[in-house]
Structures are given as structure tokens and as C-alpha cells.
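Numbering (the numbering used here), first residue to last: 82 to 400.
In this text, a Cβ means the ideal position worked out from N, Cα and C, and glycines have one as well.
Let me begin by presenting the structure, written as C-alpha cells, before commenting on it.
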């Protein structure tokens, strides 16, 4: 098996904030169950910087370049020579954030034939998600959340402030906004029906089937919370959280002690999936993927959600 030579330099800035887990009324949006939504990646993977995506039997992964890897990890090909993030795949086309010459991050389409990055959206983009052939993105330079088509034409401003952790669920966008002391907000796809979902300070946030999951690091009250139909913040895990990923009612999270799975539908039944210093967590193809750093060597592992099938998927050795 070929080895990808890379270094994972991932840092987590744990800023202590005075935070009370305040609550705000959160009316649940109506859900159109007749509409099939096509997203470029899962909310949880994009929360993990979007360094990973899977489509069918192919895995896309960024580490000192963007690679396409078969599902067994035995074959790979480099698609782009520099690091990317916020990987989105739609209709077989690959979109991601790349660094421009001035250091700004721009949304680009990667052409597999030439390995070139074709600019779609500039403006120092913090994060984006593709939903039904529309790009929803947050621009630091322009100070807001915007909507545009896959060509980047005629962008429309949806929210007038810088934000991050953009997620999409059942017709609504969720995000953490800088202008409101890091509250969690929700708007519809046209920028209307604005609701403050959580009026405390959130470090990161994502959404799964109408329930918002978020992390808080504070002098008191650090942990992982959720807000569902009640509109009240509920503490799920009392710990200093490092990373979270949520998919289909299962919360995957890391602390200093390892990787855990929390079943939100079964009273918080928790099992430990892996030990060690873990960076990002990804989901794809029926597996949980994660990186484990140890003595200068990074490895990409995977395990099934029932804690079986644990294996080393790729070895990433630093020089």
C-alpha cells in the first residue's frame, strides 16, 4: 500500500469563557418530508474542517494535498497539490476551500483532469456548504452569509454579520455569529425567519434532524449540549470537549481520554471507541474515521459505530 507523506498540525484553542447555559425559546421549523435534499458533505464532517468526504466507494481526504482513495485504502491518487478544507461533492464535482496568493481562502472547483483549482467565490470564506446546487457561505471580508449558484454568479446576502460552523437541516441554515457574542442562529434558505436558537456563548455547533448540538468551554459548565423541541439547552456530556460529530442521532466526541459514541435515543448510552490523542472525527461509508497523533506520526483509523471492525486505514508519516 502506498503511503501518503503528511503532517497533521492541528491545534485546538481552548479559550476559557465565562458562560452560563442560558436558554431561549426555539420554535421547531416545519419539515417538508417530500423533499429530497442533496448536500455536498455532512454537517458533522464540515464541522471537522471538511478535510474528509466520501462519495460511493471513494474517500476524499486532505493532508499535504487533496487525495482520492479507494474504500480499502490500498490505492490513491493526488488531485491537488496543496491542502484544502470544506470539501463538498455534488454531481461528481469537487468543491473546497483553497488558499489564494494573498492568504485568503476561496471556494474553488477542483478539476480532476488537470489538478487545477478554478475560483468560484472569493472574499476570505470561513466555511460553506452546498445544498441542492446552491452554495451557502460565510465571508469574513464581506462580513456576512451569502447564497450563490455553483458558478458563483449573483450572490445574495442572507445575514449581515460574520459567522462560522454553517450547517443545513430541513430547509434552514444554522451558524454561530460573531456579532451576537457567539450565539447560535437559524435562518431559512432565503435569509428569513431568523431565530436565536441559543443565546449563550457556543464554541462550535452543528445540527442533526432538527436538534442542535454544541460545545461550551467555560470556567463552569463546560461540556456538550443539545437543543431540541423543548427549546432548552440540555447538558449531554460534562467534560472539556475537543471535537464532535453528529449523524443520525449518534454523537461522536473526543476528550483527552479518547473517542466516544453517545446514543441520543437510548438515554445517553455511551461506549468508548478508541483511546489516545485524537484530532478530527469523520463519518462515511458506515465507518467512523479519526486521526490519532503519536510521537510525530499521524495515522488515519476507522471503526464501525458498533465498535467492531477497527483498523488502520492509512499511515501518514511526518518527515
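Review point. Looking only at its own chain, which residues have a Cβ that is under 7 angstroms from the Cβ of residue 136, when we skip the five neighbours before and after it?
Key: Closer than 7 angstroms at the Cβ level, and outside the excluded window around residue 136, lie 170.
Point to revise | Closest by C-alpha distance to residue 232, when choosing among 122, 252 and 216 | key: Distance from the Cα of residue 232 is smallest, within the candidate group 122, 252 and 216, for 216.
Check your understanding: Which class does residue 127 belong to by DSSP, given the choice of helix, strand or coil?
Key -> Look at residue 127 here: in three-state DSSP terms it is helix.
Point to revise | Endpoints, beta strand (DSSP E) assigned at residue 199 | key: Per DSSP, the continuous beta strand (DSSP E) segment holding residue 199 begins and ends at 197-202.
Check your understanding: How is the beta strand (DSSP E) around residue 171 delimited, first residue to last?
Key -> If you look at residue 171, you'll find it in the beta strand (DSSP E) that goes 166-171.
Check your understanding: Taking C-alpha atoms, which residue in 394, 156 and 167 lies nearest to residue 246?
Key -> Per the Cα distances, 167.
Review point. Using the beta-carbon count (16 or more within 10 Å), is residue 285 buried or exposed?
Key: With 16 or more other Cβ atoms within 10 Å, it is buried.
Check your understanding: Does the pairing of the region 276-283 with the region 124-133 give three or more beta-carbon distances under 8 angstroms?
Key -> With a cut-off of 8 angstroms, the region 124-133 and the region 276-283 do not count as touching, because too few Cβ pairs lie within range.
Check your understanding: Who are residue 308's beta bridge partners in DSSP?
Key -> Here residue 308 is bridged, per DSSP, to 293 and 314.
Review point. To the nearest whole angstrom, what separates the beta carbons of residue 340 and residue 388, a pair I think is in contact under 8 angstroms?
Key: For a cut-off of 8 angstroms, the C-beta gap from residue 340 to residue 388 is around 10 angstroms, too long to register as a contact.
Review point. So which of 307, 320 and 287 has the shortest CA-CA distance to residue 300?
Key: When only C-alpha atoms are compared, the closest one is 320.
**Study point:** Per-residue burial, residue 220 [other beta carbons within 10 Å of its own, 16 or more giving buried]
**Key:** It counts as buried.
Exercise for review: List in chain order: all unbroken beta strand (DSSP E) runs of 3+ residues lying wholly within the region 207-241.
Suggested key: Under the rule that a run must span 3 or more residues, the beta strand (DSSP E) segments found entirely inside the region 207-241 read 215-220, 225-230 and 237-240.
**Study point:** Beta-carbon proximity check, residue 161 vs residue 222, cutoff 9 angstroms
**Key:** Going by C-beta atoms, residue 161 is not nearer than 9 angstroms to residue 222.
Review point. Residue ranges of each beta strand (DSSP E) run of no fewer than 3 residues wholly in the region 241-286, ordered along the chain?
Key: For the region 241-286, whole beta strand (DSSP E) runs of length 3 or above, ordered along the chain, are 244-250, 253-258, 264-269 and 276-279.
Practice item. Using alpha carbons as the reference points, say which of 382, 360 and 229 lies closest to residue 201. Key: Checking every option, the nearest Cα to that of residue 201 belongs to 229.
Check your understanding: Can you tell me whether residue 144 is buried or exposed, with buried defined as 16 or more other CB within 10 angstroms of its CB?
Key -> Buried: at least 16 other Cβ atoms inside 10 Å.
Exercise for review: Using beta-carbon positions only, say whether residue 76 and residue 317 come within less than 9 angstroms of one another.
Suggested key: No answer is possible for residue 76: it lies beyond the span of the chain, which begins at 82 and ends at 400.
**Study point:** Straight-line gap, residue 260 to residue 253 (C-alpha atoms, nearest Å)
**Key:** So the alpha carbons of these two residues sit roughly 20 angstroms apart.
Exercise for review: Locate the beta strand (DSSP E) running through residue 145, then write down its first and last residues.
Suggested key: Careful: residue 145 lies outside any beta strand (DSSP E) and carries neither H nor E.
Check your understanding: So, residue 250 versus residue 289, is the Cβ gap smaller than 9 angstroms?
Key -> Inclusion of residue 250 and residue 289 in the CB contact set at 9 angstroms is warranted, their separation being smaller than that value.
Exercise for review: Following the continuous beta strand (DSSP E) through residue 189, name the residue where it begins and the one where it ends.
Suggested key: That run of the beta strand (DSSP E) goes 186-192.
Check your understanding: What did DSSP end up calling residue 158 once you bin it into helix, strand or coil?
Key -> Reduced to three states, the DSSP call for residue 158 is strand.
Practice item. Can you say whether residue 266 is buried or exposed, counting buried as having 16 or more other CB atoms within 10 angstroms of its CB? Key: With 16 or more other CB atoms across the displayed protein chains lying within 10 angstroms of its CB, residue 266 is buried.
Review point. Beta-carbon separation of residue 149 and residue 158 under 9 angstroms?
Key: In this structure, the beta-carbon distance from residue 149 to residue 158 falls below 9 angstroms.
Check your understanding: How would you write the range of the beta strand (DSSP E) that residue 364 sits in, first residue to last?
Key -> For residue 364, the uninterrupted beta strand (DSSP E) segment begins and ends at 359-365.
Point to revise | Buried versus exposed call for residue 237 [16 or more other C-beta atoms within 10 Å across all chains shown] | key: By the neighbour-count rule (16 or more Cβ atoms within 10 Å), residue 237 is not buried but exposed.
**Study point:** Helix, strand or coil at residue 392 according to DSSP, with G and I counted as helix
**Key:** Looking at residue 392 - three-state DSSP - the assignment turns out to be strand.
Review point. According to DSSP, is residue 383 helix, strand or coil?
Key: Strand at residue 383.
Check your understanding: Taking the C-alpha atoms as reference points, what is the distance between residue 351 and residue 385?
Key -> Each residue's Cα considered, the two are about 15 angstroms apart.
Check your understanding: Straight-line CA distance for residue 180 to residue 189?
Key -> Just so you know, the alpha carbons of residue 180 and residue 189 end up roughly 10 angstroms apart.
Review point. On the three-state DSSP scale, how would you describe residue 134?
Key: Strand at residue 134.
Point to revise | Burial state of residue 381 (16 or more Cβ within 10 Å) | key: So residue 381 counts as buried.
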